Amino acid sequence: MPVTPFFEIPYLRQIAAAQEYLNANRNADLSHVKCLLRWIMPKEYHDEIDKLHEREDPQFVCIINGGQNLIAPNAQQAEQNIQDSIPEK
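So the number in the numbering used here is just where the residue sits in the sequence shown, counting from 1, plus 12.
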């Protein structure tokens, strides 16, 4: 049965709302959200559901664990390379 435009818009809005939910909730489980949407939506929308992704808002991630180097705790020398992810114009 082909999807009519009348039914198409609500499904796409639900997928967009699911993405907003994933963006707003750090503890949201992407796999559970996708599974639920696949269960309640027609197969024609499963490709759109697969495009959902976890929150990607932070532009900077910093992991600090008590100031200890967990990779090489006994290292005598260290190097840090910081690169700007925004290209210059």
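Glycine included, each C-beta is placed from N, C-alpha and C at the ideal position. In this text, all values refer to a predicted model and were calculated from it rather than measured experimentally.
Within this structure, are the beta carbons of residue i and residue j separated by less than 8 Å?
i: E60; j: L24; result: yes
i: L64; j: L42; result: yes
i: H58; j: R50; result: yes
Going by CA-CA distance only, name the one from the options that's closest to residue i.
i: A28; options: K46, K55, W51; result: K46
i: P22; options: R67, I52, N39, E66; result: I52
Consult DSSP for residue i and reduce its assignment to one of helix, strand or coil.
i: D62; result: helix
i: R38; result: coil
i: R50; result: helix
i: R67; result: coil
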